[in-house]
Amino acid sequence: MQSRGITLLELLIYIAVMGIITAIAIPSFSNLIKNSKISTSLTNLTADLYLARSAAIRHNSYAVICPRNSSDNDCSESPSWEKGWIVFIDNNKDGICNFNAGQCADKGKIIKIGEGVKSSDLKMRGYKHRSFRIRYDPMGFSYAYNGKVIACDDRGKDYARAIIISNSGRIRTSEKNDKLKCE
Numbered sequence: 242m243q244s245r246g247i248t249l250l251e252l253l254i255y256i257a258v259m260g261i262i263t264a265i266a267i268p269s270f271s272n273l274i275k276n277s278k279i280s281t282s283l284t285n286l287t288a289d290l291y292l293a294r295s296a297a298i299r300h301n302s303y304a305v306i307c308p309r310n311s312s313d314n315d316c317s318e319s320p321s322w323e324k325g326w327i328v329f330i331d332n333n334k335d336g337i338c339n340f341n342a343g344q345c346a347d348k349g350k351i352i353k354i355g356e357g358v359k360s361s362d363l364k365m366r367g368y369k370h371r372s373f374r375i376r377y378d379p380m381g382f383s384y385a386y387n388g389k390v391i392a393c394d395d396r397g398k399d400y401a402r403a404i405i406i407s408n409s410g411r412i413r414t415s416e417k418n419d420k421l422k423c424e
């Protein structure tokens with residue numbers, strides 16, 4: 242009767258081959274995870290931009306989406322979207338919410354509070370002053386509130402992606418040939 246097993250040499254060769262394959266695959270896997278984080282963050286923000294636009298049309302009012310401030314109760318004056326965002330009906334058209342108990346100070350309704358980014362190496366920045374907040378009118382247009390929100394990580398501008406909002410309220414994601422800046 243002959244025994245069936247593997248020799249020590251076969252085991253060492255197997256471990257060496259698996260080590261080489263793993264060493265080659267890990268950097269690619271790391272890029273895949275980072276790309277996924279950027280994509281997920283921008284997809285979440287895009288969904289809430291569509292939510293704000295449809296809320297403006299549905300309520301026949303102005304709707305605003307803005308980055309949250311440090312106390313989480315109003316819009317931030319900085320272009321940093323990674324902390325999260327607020328979607329609300331802006332009854333007095335001032336772009337300010339200052340919410341308490343689920344509604345804004347002007348009795349505007351809080352539609353949603355966005356989670357933001359869960360990764361410390363991912364930054365989401367509005368480009369120019371217009372991207373501190375985005376306001377949709379009752380027709381769904383974002384006239385004079387167009388702009389970009391750019392997501393960057395530690396890999397820099399070559400891996401950056403953006404959401405681009407037009408005056409008509411249309412939302413699109415950036416293309417590879419769009420020139421994006423990471424700040």
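With the sequence shown counted from 1, adding 241 to any position gets you the working numbering.
All C-beta atoms, glycine included, are put in the ideal place defined by N, C-alpha and C.
It should be emphasised that the depicted structure is a prediction, and the values quoted were computed from it without experimental measurement.
- Task: List the endpoints of the continuous beta strand (DSSP E) containing Ser377.
- Result: According to the sequence displayed, residue 377 carries Tyr and not Ser. In the DSSP assignment, Tyr377 falls within the unbroken beta strand (DSSP E) covering 375–377.
- Message: Counting C-beta neighbours from all protein chains within 10 Å, is the total for Val305 16 or more, i.e. buried, or is it exposed?
- Response: Around the CB of Val305, 16 or more other CB atoms lie within 10 Å, so the residue is classed as buried.
- Query: Hey, out of Gly260, Arg374, Gly355, whose CA is closest to Tyr386's CA?
  - Reply: In terms of Cα proximity to Tyr386, the closest of Gly260, Arg374, Gly355 is Arg374.
- Query: First and last residue of the beta strand (DSSP E) that includes Tyr386?
  - Reply: In this chain, Tyr386 is not harboured by any beta strand (DSSP E), its DSSP state being neither H nor E.
- Gly367 beta carbon less than 8 Å from that of Val390: Yes. Within cutoff.
- Item | Gly367 (DSSP reduced to helix, strand or coil) | Correct three-state label for Gly367: strand.
- Item | Start-to-end residues for the alpha helix (DSSP H) that takes in Lys353 | In this chain, Lys353 is not harboured by any alpha helix (DSSP H); it is covered by the beta strand (DSSP E) spanning 351–355.
- Query: Is there contact here, the segment 279–286 with the segment 392–404, by at least three beta-carbon pairs under 8 Å?
  - Reply: Contact between the segment 279–286 and the segment 392–404 is present, because at least three Cβ pairs lie under 8 Å.
- For Ser407 and Leu290, the rounded distance between their alpha carbons: Spanning the alpha carbons of Leu290 and Ser407 requires a straight line of approximately 12 Å.
- Environment of Tyr255 [buried if 16+ CB atoms lie within 10 Å]: Residue environment for Tyr255: exposed (fewer than 16 other C-beta atoms within 10 angstroms of its C-beta).
- Looking at C-alpha atoms only, which residue of Tyr303, Asn314, Lys353, Gly357 is the closest neighbour of Asp335? With respect to the C-alpha of Asp335, the residue from Tyr303, Asn314, Lys353, Gly357 having the closest C-alpha is Tyr303.
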